[in-house]
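There are 2 protein chains.
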Amino acid sequence: MAQRRLLATKPESDGAALAASVEAELEAMIARGELGPGQHINELALARRLGVSRGPVREAARALERMGLVTVILNRGAFVRELQIDEALAIYDLTAVLLGYVAGRLATSISAAQLLELQAHVGEMEAAAQAGQQDVFFDTNVRFHKLMFSYAGNAPVEAVYLAHTRKLLLLRRRSFDESPHMLQSNGEHREIMDAILSGDAELARQVAERHGRAGRTRFLRAIAYREA
Amino acid sequence: MAQRRLLATKPESDGAALAASVEAELEAMIARGELGPGQHINELALARRLGVSRGPVREAARALERMGLVTVILNRGAFVRELQIDEALAIYDLTAVLLGYVAGRLATSISAAQLLELQAHVGEMEAAAQAGQQDVFFDTNVRFHKLMFSYAGNAPVEAVYLAHTRKLLLLRRRSFDESPHMLQSNGEHREIMDAILSGDAELARQVAERHGRAGRTRFLRAIAYREA
DNA sequence: ACCCACTAAAGTGTTGGCAATCTTCAATCG
DNA sequence: CGATTGAAGATTGCCAACACTTTAGTGGGT
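Chains as they are written, first to last, in the UniProt record's numbering: chain A, 1 to 228; chain B, 1 to 228.
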């Protein structure tokens, strides 16, 4: 019997049902900024608020720790981590390198259907950029990159990418959001697609990695701008 | 007061004390092959054997799940994962790319002390290779690569590398162990060091990545040999 | 006013138990 | 004889309570 729950009852394929829901909820709270950086996560309070016991909350907190979203100190509990700029830059480096690898693989192994799908995304971004729709561009951009990693057919690489971009999105202060420079960014996307289409793996890799680094630079610039 | 425990009482900096110990013990059991691939982890039995309750055992199992060492199924518990050859190859690809990145960074940023330390390791491996001491070579080799990642100064990249090589070491069947080809492998190490010393980041990257791929090939060959 | 010991409150770490679910295996039916 | 069903046994998911640690607050001494 399904006892009443304050949580969205997602069956989820993951281990414990409740813990997975709590984990999702905690993640959402961090994303919404309800839980600011450095803030303590009170197990009992959160458990009561969600209508569950402390067990699932603990499990969720430990899961977030493994994801690098919180730090847990012995006998003191879990604290929302703050993403240092250094670490963000390091993650940009990591994902840039991986993006290069992925593009190189796609250059030699992409299917026609996959190519069309990617190019459709580039087209969509083009339209969004010209219409000035930042959110549409942003979402499509995220999907575009995820698709590239998915198509490359290396599950560990894809998992690492997803984990780290999520970390960036969740822990970065909203105001640090990368200013898209949509047209230029999408121009780089076209470059990547052309390189992949040409079948030149080394070229595709260089172009894609440069795109990742350019994102890193745009991030740095956004921070510098914000500081002034 | 420290009640008697069947576990090695490692304080560990990690969250819960007991859970961390259990996690280490579980990992060791997998490494020793006591827990074979596909085998079920009985929470109660393991808890009793270690002299703790089920809570810490659950927590440790979930931690291993996040590390990719076990799979946990709802209402059925945790099972030791088997590393598929596909996945092992994918991890080799991943670490090869990261090793290339790391070598490239070291080419422009390595300190004199770090360089000496790395070269000392290469020398040690040389001696071990000529003496035919496979275990010494193996251990030094692991330390050598870890040092490179440590010196590169990108914590996320280092963490990804450590996590995935551990996965390889723990889940790979002992018989799949990569045949070292010590002399050739260490020759590649020298190549990497020379490239780093030259300051040519692109060259260092290429050489290092090729070394990673060569390891992948040696792994494949070892499997093929074993099948025959 | 400042510092230190002491105490109480809050919060985490751990435990054992209950309900729900899955597995096993024998009896039953086609 | 093979497939099915259903009850017993085993095991997990979840919870409430206990034990220990940390922290905040209080009072006495200097």
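We put the CB at the ideal spot given by N, CA and C, even for glycine. These numbers were taken from a predicted model, which means no experiment stands behind them.
query: Three-state class that DSSP yields for glycine 77/A in the structure shown; result: strand
query: Under 9 Å from the C-beta of residue 249/B: neighbouring residues of chain A; result: This structure cannot settle anything about residue 249/B, because the visible part of chain B is limited to 1 through 228.
query: Residues from the segment 126 to 157 of chain A in contact with chain B, defined by Cβ distance under 9 Å; result: Gly153, Asn154, Ala155, Pro156 and Val157
query: DSSP-derived helix/strand/coil call for isoleucine 41/A; result: strand
query: Proximity test, Cβ basis, 8 Å: histidine 164/A and chain B; result: yes
query: 8 Å contact criterion, which leucine 99/A and histidine 181/A should meet: CB distance rounded; result: Not confirmed; about 17 Å, so no contact.
query: Cβ-based burial, phenylalanine 158/A [other Cβ within 10 Å; buried from 16]; result: Sequence check: residue 158/A is glutamate here, not phenylalanine. Looking at its Cβ environment, which holds 16 or more other Cβ atoms inside 10 Å, glutamate 158/A is buried.
query: Exposure of tyrosine 151/B, with buried meaning 16 or more beta-carbon neighbours within 10 Å; result: buried
query: Interfacial residues, the segment 68 to 97 of chain A to chain B, with Cβ spacing under 7 Å; result: Val72, Leu74, Glu87, Ala90, Ile91, Asp93, Leu94 and Val97
query: Under 8 Å by beta carbon: chain B residues contacting valine 160/A; result: Leu94 and Val160
query: Valine 70/A - partner residues in DSSP beta bridges; result: Val80/A
query: Residue environment, alanine 131/A, which counts as buried when at least 16 other CB atoms sit within 10 Å; result: exposed
query: Those runs of the alpha helix (DSSP H) which lie wholly inside the segment 152 to 214 of chain B and span at least 4 residues; result: 155 to 171 and 182 to 198
query: Where glutamate 227/A sits in the DSSP three-state scheme; result: helix
query: Beta-carbon contacts of glutamine 119/B that lie in its chain and below 8 Å, excluding the five residues immediately before and after; result: Met193
query: Cβ pair count under 8 Å reaching 3, the segment 200 to 210 of chain B against the segment 93 to 108 of chain B; result: yes
query: For arginine 172/A, the nearest candidate out of Ala214/A, Ala222/A, Gly187/A and Ala155/A (CA to CA); result: Ala222/A
query: For valine 136/B, the three-state DSSP class (helix, strand or coil); result: helix
query: Chain B contacts from the segment 192 to 226 of chain A (Cβ-Cβ distance under 8 Å); result: none
query: Buried versus exposed, by CB contacts within 10 Å (16 or more), alanine 37/B; result: The question names alanine, but residue 37/B in the sequence shown is proline. Under this definition proline 37/B is an exposed residue.
query: CB of leucine 26/B within 8 Å of CB of alanine 47/B, strictly; result: no
query: Where the alpha helix (DSSP H) through valine 97/A begins and ends; result: 85 to 109
query: Three-state class that DSSP yields for valine 52/B in the structure shown; result: coil
query: Closer than 9 Å at the beta carbon, the chain A residues around alanine 43/B; result: It is worth fixing the name first, because residue 43/B is glutamate in this sequence and not alanine. Those do not exist, as glutamate 43/B stays about 12 Å from chain A at its closest Cβ, beyond 9 Å.
query: Assigned secondary structure, leucine 35/B (DSSP; H/G/I helix, E/B strand, else coil); result: coil
query: Chain-ordered chain B contacts of residue 230/A [CB-CB under 8 Å]; result: Since the first and last residues shown for chain A are 1 and 228, residue 230/A lies out of range.
query: Rounded C-alpha distance that separates serine 198/B from glutamine 114/B; result: 15 Å
query: Residue nearest to valine 122/B in terms of C-alpha spacing, selected from Val102/B, Gln133/B and Glu188/B; result: Glu188/B
query: Spatial distance of lysine 146/A from valine 160/A (CA atoms); result: 11 Å
query: Other residues of its chain near residue 284/B: CB distance less than 7 Å, five sequence neighbours each side excluded; result: Past the boundaries of the shown model lies residue 284/B; chain B is included only from 1 to 228, so the question cannot be answered.
query: Which of helix, strand or coil DSSP assigns to alanine 60/B; result: helix
query: Short Cβ contact (8 Å threshold) for asparagine 154/A with alanine 214/B; result: no
query: DSSP state of alanine 16/B mapped onto helix, strand, coil; result: coil
query: Contact list for alanine 17/B against chain A, beta-carbon separation under 7 Å; result: Leu74
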